[in-house]
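Below is one structure, written out as C-alpha cells; comments come after it.
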Amino acid sequence: MTDIAYIRLIEEISLNAWPSHKMELYDGWLIRFSHNYTHRTNSVTQVGASLIPIEEKIEYCEKIYQNYHTPSIFKISPLTDASFDSLLARKGYEIQHTTEVMTMDFEQFRPWPAISAEYEYFGRNSGLPSFVVYPGNTVVLLQDRITDEWITSLFRLNGTTNPTLRRIVPSMFKAIPKETIVAGIEIDGRMVASGLGILDRGHVGLYAIYVDASCRRKGFARAICSTILTEAQKKGAKAAYLQVVQENVSAKKLYSSFGFGDLYTYWFRVHANPPGQKPS
Numbered sequence: 050m051t052d053i054a055y056i057r058l059i060e061e062i063s064l065n066a067w068p069s070h071k072m073e074l075y076d077g078w079l080i081r082f083s084h085n086y087t088h089r090t091n092s093v094t095q096v097g098a099s100l101i102p103i104e105e106k107i108e109y110c111e112k113i114y115q116n117y118h119t120p121s122i123f124k125i126s127p128l129t130d131a132s133f134d135s136l137l138a139r140k141g142y143e144i145q146h147t148t149e150v151m152t153m154d155f156e157q158f159r160p161w162p163a164i165s166a167e168y169e170y171f172g173r174n175s176g177l178p179s180f181v182v183y184p185g186n187t188v189v190l191l192q193d194r195i196t197d198e199w200i201t202s203l204f205r206l207n208g209t210t211n212p213t214l215r216r217i218v219p220s221m222f223k224a225i226p227k228e229t230i231v232a233g234i235e236i237d238g239r240m241v242a243s244g245l246g247i248l249d250r251g252h253v254g255l256y257a258i259y260v261d262a263s264c265r266r267k268g269f270a271r272a273i274c275s276t277i278l279t280e281a282q283k284k285g286a287k288a289a290y291l292q293v294v295q296e297n298v299s300a301k302k303l304y305s306s307f308g309f310g311d312l313y314t315y316w317f318r319v320h321a322n323p324p325g326q327k328p329s
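Here you go:
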C-alpha cells in the first residue's frame, strides 16, 4: 500500500472513530459541527471529488459556520491540494493545531510488561480482563463500552465545563460505531487517567489519553496505552495509529517508545470572522 493510500485509510478510520454532533456531506466535503469541542469534530474535511467551483464551496461552508456562531475551520492533510491551503491563507485563514499522525505495525510493538491480569467472565463477553496490574501497583481498569461515569470523569480530566458540551459530547462518544476498549486508572474511587482504543479494519486508534495533573510522571499514561494496545493486538489488530499535537514532545517520546513513528502531518486553517460574519 502506498503512503497516500495508507493515509487515506487512516483518515477514513479516524473519521469513523470520532463522530461529530452534526454532519453534512456537500459535494465531496464533509462539514462537521460540535460546538467547537475539538477542531477535528468542528471542521470541513475533503473526502471525495468536487464539481462545484471552490470559491462557491468555501462561501457555502462559511455561511454554515456563521449560522452556528463558530469559526470557519478547514482541515488540511496530504490528501488536500496545496493550492487550497494557499487560497485559504490568502483569505486570512491562520494555521492552528498542527498535528502529527503516528502509526505502528504490531511487529514493532514494545509493550510495558504487566505483572498480572484479572479476568471476571460474569457479564463480560468482550474477552477483556477486568483489570491489569503494572509495577508500582498501577492498576488499569478495562471496559468494553463507554459509560456515563467514564465520560463525566473524562470531562474533569480534560477540563470540559461548558454546559452545552457536557450535554452533547456524551452522545458523540456513544455514536462511535466501532468496537472500543475503554481504560482508566482510579485512586480512591476517582479516575485520574483515561484512555480509549477504537478498533477498525485491523487497526486500533488511541484516543482520550489524559492524566490528572497531580498524577503525572507516575507511568499512568504508559500503563493505559500499553494495556489498550496489548488487548487490541489480542483482538486481531495488526497496526495502531494516534494523533498528537506537534508541540507535545513528551507524548511523542512516550509513543515512540512503544514503536510508533511519524506518518504524516495535518493542520487546520481557521478564520474566526470570515467576510460577512459578525465578530464573535
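Numbering (the numbering used here), first residue to last: 50 to 329.
All residues carry an ideal CB built from backbone N, CA and C; glycine is no exception.
Anyone know if the C-beta pair for residue i and residue j falls short of 9 Å?
{"i": "THR213", "j": "HIS84", "result": "yes"}
{"i": "ILE80", "j": "CYS110", "result": "yes"}
{"i": "VAL260", "j": "GLY246", "result": "no"}
{"i": "ARG318", "j": "PHE82", "result": "no"}
{"i": "THR62", "j": "TYR313", "result": "A quick correction: the sequence has Ile, not Thr, at residue 62. No; because the gap between Cβ atoms is not below 9 Å, this pair is not in contact."}
{"i": "VAL189", "j": "THR276", "result": "yes"}
{"i": "MET221", "j": "THR90", "result": "yes"}
{"i": "VAL182", "j": "GLU167", "result": "yes"}
{"i": "TRP78", "j": "GLY97", "result": "yes"}
{"i": "GLY244", "j": "ALA270", "result": "yes"}
{"i": "LEU278", "j": "MET240", "result": "no"}
{"i": "ILE195", "j": "THR229", "result": "yes"}
{"i": "ASN252", "j": "ILE59", "result": "What sits at residue 252 in the sequence shown is His, not Asn. Their beta carbons are under 9 Å apart, which means HIS252 touches ILE59 by this criterion."}
Could you spell out the range, first to last residue, of the beta strand (DSSP E) harbouring residue i?
{"i": "LYS124", "result": "121-125"}
{"i": "ILE138", "result": "For the record, residue 138 in the displayed sequence is Ala; it is not Ile. Per DSSP, ALA138 belongs to no beta strand (DSSP E); it is in the alpha helix (DSSP H), 131-139."}
{"i": "GLU169", "result": "No beta strand (DSSP E) contains GLU169, which DSSP labels as neither H nor E."}
Of the residues the options, which one's Cα is nearest the Cα of residue i?
{"i": "ILE273", "options": "LEU58, SER263, TYR256", "result": "TYR256"}
{"i": "PHE309", "options": "LYS287, TRP316, ALA138, HIS118", "result": "LYS287"}
{"i": "ILE53", "options": "PRO226, THR94, SER126", "result": "SER126"}
{"i": "VAL150", "options": "SER121, LYS140, ALA300, VAL319", "result": "ALA300"}
{"i": "ASP154", "options": "TYR55, GLU169, PRO120", "result": "TYR55"}
{"i": "ARG159", "options": "TRP67, HIS118, LEU303, ALA224", "result": "LEU303"}
{"i": "TRP316", "options": "THR147, THR210, THR229", "result": "THR147"}
{"i": "ALA163", "options": "THR187, ALA262, LYS140, LEU177", "result": "THR187"}
{"i": "ILE225", "options": "LEU203, ARG57, ASP249, GLU60", "result": "ASP249"}
{"i": "LYS140", "options": "ILE103, ILE113, GLY244", "result": "ILE103"}
{"i": "CYS264", "options": "ALA242, ASN65, ASP193", "result": "ALA242"}
{"i": "ASN322", "options": "SER69, ILE59, ASN116, MET72", "result": "ASN116"}
{"i": "LEU191", "options": "LEU177, SER202, THR152", "result": "LEU177"}
{"i": "LEU203", "options": "GLU235, GLU228, ASP193, PHE180", "result": "GLU235"}
{"i": "GLY254", "options": "THR210, PRO219, VAL293", "result": "VAL293"}
{"i": "LYS227", "options": "ALA281, HIS320, GLY185", "result": "ALA281"}
By DSSP, does residue i sit in helix, in strand, or in coil?
{"i": "ARG194", "result": "coil"}
{"i": "PRO328", "result": "With a pLDDT of 46 at PRO328, under the threshold of 50, the predicted position of this residue should be treated as unreliable, and no value is reported."}
{"i": "SER179", "result": "coil"}
{"i": "LYS284", "result": "coil"}
{"i": "GLN292", "result": "strand"}
{"i": "ASP76", "result": "coil"}
{"i": "PHE317", "result": "strand"}
{"i": "ARG81", "result": "strand"}
{"i": "LEU206", "result": "helix"}
{"i": "THR187", "result": "strand"}
{"i": "ARG147", "result": "According to the sequence shown, residue 147 is Thr rather than Arg. Three-state DSSP puts THR147 in a strand."}
In the DSSP assignment, find the unbroken alpha helix (DSSP H) run with residue i in it and report its ends.
{"i": "SER99", "result": "It is not in any alpha helix (DSSP H) - SER99 carries neither H nor E in the DSSP assignment."}
{"i": "SER305", "result": "298-307"}
{"i": "GLU156", "result": "First-last for GLU156: undefined, no H or E at that position."}
{"i": "TYR55", "result": "52-66"}
#### Entry: Length at least 4, wholly inside the region 214-278: the alpha helix (DSSP H) runs in chain order
Uninterrupted alpha helix (DSSP H) stretches at least 4 residues long and entirely within the region 214-278 do not occur.
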